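Just so we're aligned: the sequence shown equals residues 4 to 447 in my numbering.
Data first, discussion second: the structure below is written as structure tokens.
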Amino acid sequence: MTEPDLLRRMFDAAVCAAAPDLAVPPHLPAPPRGRTVVIGAGKAAAAMARAVELNWPAGHPISGLAVTRYGHGVGPLARIEVVEAAHPVPDAAGQDAAQRILTMVQGLEPEDLVLCLISGGGSSLLSLPAPGVTLADKQEINRALLRSGANIHEMNCVRKHLSAIKGGRLAAAAAPAQLVTLLISDVPGDDPSVIASGPTVPDATTQAEAKAILARYQIALAPHVRALLDDPSAETPKPGNPAFAHTQTHIIAAPQASLEAAAAIARAAGVTPLILGDALEGEAAEVGRVMAGIARQVALHRQPAPPPCVLLSGGETTVTVRGQGRGGRNVEFLLSLAIALGGQPGIWAIAGDTDGVDGAEEVAGAIVTPDTLARAAALGMNPRASLDDNNGHGFFAALDDQVITGPTLTNVNDFRAILITAASTEGNIGHPAAMQADLRKDSP
4 MTEPDLLRRM FDAAVCAAAP DLAVPPHLPA PPRGRTVVIG AGKAAAAMAR
54 AVELNWPAGH PISGLAVTRY GHGVGPLARI EVVEAAHPVP DAAGQDAAQR
104 ILTMVQGLEP EDLVLCLISG GGSSLLSLPA PGVTLADKQE INRALLRSGA
154 NIHEMNCVRK HLSAIKGGRL AAAAAPAQLV TLLISDVPGD DPSVIASGPT
204 VPDATTQAEA KAILARYQIA LAPHVRALLD DPSAETPKPG NPAFAHTQTH
254 IIAAPQASLE AAAAIARAAG VTPLILGDAL EGEAAEVGRV MAGIARQVAL
304 HRQPAPPPCV LLSGGETTVT VRGQGRGGRN VEFLLSLAIA LGGQPGIWAI
354 AGDTDGVDGA EEVAGAIVTP DTLARAAALG MNPRASLDDN NGHGFFAALD
404 DQVITGPTLT NVNDFRAILI TAASTEGNIG HPAAMQADLR KDSP
């Protein structure tokens, strides 16, 4: 097994640990005496809805609607309708789905159940502008936030305060029915109020915070949008609001569990895993430089662990797009990492979004090898110029080092692994006993 093969196995294990088919069934509530309405939004919403249909007790009818990203559907389901819409910039299909979902949960009784399936991407997919705000307004502000370098907490604070359904407003519409929300977390810290902008949980953020964020990133607002943010009656429902009296919220898959699944793969290969954190944030290029320093410390000084070892981390970095490239936080991280490593022998890395989409690209991420810079030079490419242009996707595409998975139908944010081996054995990860067995098994 080569180093890139091991990295890819760890990435795949991280994705599989968050598969809705495994995560949803143990957390399904008991059927109610009344109706069951299933609603969902996010990149994993279709797969979550399928898991509900396959595991819901026979003899108890369900109906509902889930909205997911284009290409992330699972085919027609028997009882839950699945529609597709745009991400990361919302479109009319998402707006229509959000309106239908909001209407679907209104007028229910206390003996009814709303089962809400939420995963990353739900903010864009469940886009219903607040009164007085247009879809075009939300699209413009969303594009500006995506290019600004704002983190997910900041973006979702703004989104909540421009929405008729997020920030707890969906829960308010569903009351007095029972409301159970199952969450696949894609945000640092696993805060339910941030995942998909918290449509079913109380919102502790304020209009003042949303306005401060927009001012910080110099995002201009039309007068009618400013008026909404200045209107106290348009504030989101807060903790203690009676709308949340009959709600339950469960996180059923999260980045930490995926990192632990990858760590198990490393151990089986005789490689020591070091989990550095599941909620790392910051500019992708800066995080790449910091991680390169840690990897060099391992390679040169055997600290904080001797090779072979792998540095594992999750979370969500950001990219402030200033160049003409397509962004993508994982490829930006990797390109910065490669430049900082400078061709250091014995260090490989992978980074990818567990949903299979890095930024707006249908590419999960890429792999860095000790000869990444040398191969780039042979092709006449300038890594620093590519980084300055935010063109990580173009850089790794030219090297044929992209990681392309297609839609994974889940989303627990970014996965990063940096594998450090002894330089003298950089072809086979030091051949520990477990790896020797794998090599013998894989030999013809």
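By construction, the Cβ of each residue, glycine as well, lies at the ideal position given by its N, Cα and C atoms.
It should be emphasised that the depicted structure is a prediction, and the values quoted were computed from it without experimental measurement.
Proximity winner among the options, relative to residue i (alpha-carbon distances)
i: residue 348; options: 100, 421, 254; result: 421
i: residue 317; options: 288, 297, 280, 295; result: 280
i: residue 153; options: 208, 220, 199, 312; result: 220
i: residue 402; options: 197, 14, 378, 60; result: 378
i: residue 187; options: 117, 44, 399; result: 44
i: residue 119; options: 180, 110, 88; result: 180
i: residue 407; options: 80, 166, 354; result: 354
i: residue 295; options: 15, 226, 124, 419; result: 419
i: residue 371; options: 338, 12, 387; result: 338
i: residue 36; options: 65, 141, 11, 51; result: 65
i: residue 67; options: 105, 380, 319; result: 105
i: residue 256; options: 191, 288, 238; result: 191
i: residue 9; options: 390, 389, 303, 265; result: 265
i: residue 197; options: 48, 142, 69, 155; result: 155
i: residue 236; options: 189, 148, 133, 391; result: 133
i: residue 351; options: 336, 313, 385; result: 313
For residue i, the residue or residues it bridges with in DSSP
i: residue 155; result: Looking at the DSSP assignment, residue 155 forms no beta bridge with any residue, so it has no partner.
i: residue 181; result: 116
i: residue 160; result: Per DSSP, none; premise fails for residue 160.
i: residue 251; result: 183
i: residue 132; result: 166
i: residue 312; result: 275, 423
i: residue 406; result: 368
i: residue 16; result: For residue 16, which the question treats as bridged, DSSP gives no partner whatsoever.
i: residue 122; result: 187
i: residue 476; result: Look at the range of the chain in this structure, 4 to 447, and you will see that residue 476 is not part of it.
i: residue 361; result: 364
Cβ-based burial, residue i [other Cβ within 10 Å; buried from 16]
i: residue 63; result: exposed
i: residue 309; result: exposed
i: residue 276; result: buried
i: residue 112; result: exposed
i: residue 146; result: exposed
i: residue 58; result: exposed
i: residue 449; result: Past the edges of the chain, shown from 4 to 447, lies residue 449, and the structure says nothing about it.
i: residue 374; result: exposed
i: residue 229; result: exposed
i: residue 436; result: Its pLDDT being 37, under 50, residue 436 is placed unreliably in this model, and the value from its coordinates should be taken loosely. Under this definition residue 436 is an exposed residue.
i: residue 211; result: exposed
i: residue 114; result: exposed
i: residue 14; result: buried
i: residue 16; result: buried
i: residue 368; result: buried
i: residue 39; result: buried
i: residue 23; result: buried
i: residue 193; result: buried
i: residue 184; result: buried
Run of the alpha helix (DSSP H) containing residue i, from where it starts to where it stops
i: residue 55; result: 48-58
i: residue 391; result: 386-391
i: residue 342; result: 332-344
i: residue 296; result: 287-304
i: residue 99; result: 95-107
Beta-carbon spacing of residue i, residue j below 8 Å
i: residue 243; j: residue 206; result: no
i: residue 182; j: residue 175; result: no
i: residue 326; j: residue 362; result: no
i: residue 357; j: residue 415; result: yes
i: residue 21; j: residue 200; result: no
i: residue 328; j: residue 409; result: no
i: residue 83; j: residue 41; result: yes
i: residue 195; j: residue 254; result: yes
i: residue 423; j: residue 301; result: yes
i: residue 240; j: residue 248; result: no
i: residue 93; j: residue 122; result: no
i: residue 396; j: residue 322; result: no
i: residue 78; j: residue 128; result: no
i: residue 319; j: residue 284; result: yes
i: residue 161; j: residue 217; result: yes
i: residue 252; j: residue 203; result: yes
i: residue 3; j: residue 73; result: No information on residue 3 is available, as it lies outside the stretch 4 to 447 that the chain covers here.
i: residue 411; j: residue 55; result: no
i: residue 86; j: residue 100; result: yes
The beta strand (DSSP E) enclosing residue i, as first and last residue numbers
i: residue 193; result: It is not in any beta strand (DSSP E) - residue 193 carries neither H nor E in the DSSP assignment.
i: residue 67; result: 66-72
i: residue 86; result: 83-88
i: residue 246; result: Unbroken run through residue 246: none, as it is neither H nor E.
i: residue 275; result: 275-283
Cutoff 8 Å: residue i Cβ touching any chain D Cβ
i: residue 394; result: Among the protein chains of the structure shown there is no chain D, as only one such chain exists.
Near the ligand MN: residue i beta-carbon under 7 Å from a heavy atom
i: residue 401; result: No copy of the ligand MN occurs in the structure displayed, which carries no ligand at all.
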